[in-house]
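Asker: Whatever position you read off the sequence shown (first residue = 1), add 41 for our numbering.
Glycine included, every Cβ here is placed at the ideal spot set by N, Cα and C.
All values derive from a computational prediction rather than experimental measurement.
Would you mind keeping the following structure in view while I ask a few things?
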Amino acid sequence: MSETDTTQQPEGSYTELTVVYAALLVLLGLTIVLSFVGLGSTLALVVALGLAAAKTGLIMWYFMHLKYRVSLVWLFAVAGMVWLLVLFGLTLSDYVTRWWVLFEG
């Protein structure tokens with residue numbers, strides 16, 4: 042393979058990326074609007090996490106160009122997300138089990 046042999050990966054068109062950017066702005070606006078609506082703590086958490094997952098998916102799929110990449114890149118992207126979930130899960134489990142600190146003398 043020569044040094045001048047460059048294979049171009051197909052990238053998204055400007056129209057497609059503009060639509061995705063607009064969708065991200067709409068999801069951001071929806072997140073802000075829903076933060077002022079009294080949904081209750083559990084439903085608000087579920088909605089906020091769902092909107093965050095949708096935004097993350099759009100960013101990974103379009104702006105990180107995962108839809109054009111090979112399986113190995115997908116593997117590392119998924120591994121990074123799984124590792125992030127493990128870190129959040131361990132932090133949450135520590136936070137949830139700290140209730141006894143509030144009641145100690």
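I need the DSSP call for T59, collapsed to helix, strand or coil.
Answerer: As a first step, residue 59 is located in the sequence shown; it is residue number 18 there, counting from the start. Three-state result, T59: helix.
Asker: Mapping DSSP to helix, strand and coil, what is S54?
Answerer: The sequence position of residue 54 within the sequence shown is 13, counting from 1. The answer is coil: DSSP assigns S54 none of H, G, I, E or B.
Asker: For W102 versus K108, is the C-beta distance shorter than 7 Å?
Answerer: The residue you call residue 102 lines up with position 61 of the sequence shown. The residue you call residue 108 lines up with position 67 of the sequence shown. Contact: yes.
Asker: Here's a check: name, in chain order, each residue in its chain whose Cβ is nearer than 8 Å to the Cβ of A94, leaving out the five neighbours to either side.
Answerer: As a first step, residue 94 must be located in the sequence shown, where it is residue number 53. Once the five neighbours on either side are set aside, A94 has no close Cβ partner at all.
Asker: Answer yes or no: does any C-beta atom of chain D fall closer than 7 Å to that of L71?
Answerer: Chain labels in this structure do not include chain D; a single protein chain is all it has.
Asker: Tell me, please, whether the region 59-73 touches the region 86-100 by the rule of three or more beta-carbon pairs shorter than 8 Å.
Answerer: Yes, since at least three Cβ pairs between the region 59-73 and the region 86-100 fall closer than 8 Å, the two stretches touch.
Asker: Here's the rule I'm using: 16 or more other beta-carbon atoms within 10 Å means buried, otherwise exposed. How should S134 be labelled?
Answerer: By one-based count along the sequence shown, residue 134 stands at place 93. When all chains shown are included, S134 counts as exposed.
Asker: If contacts are defined as beta-carbon pairs under 8 Å, then L92 and L71 qualify, I think. What distance do you get, rounded to the angstrom?
Answerer: Here residue 92 refers to the residue found at position 51 when the sequence shown is read from its first residue. Here residue 71 refers to the residue found at position 30 when the sequence shown is read from its first residue. With 8 Å as the limit, L92 and L71 qualify as a contact, their Cβ atoms being about 6 Å apart.
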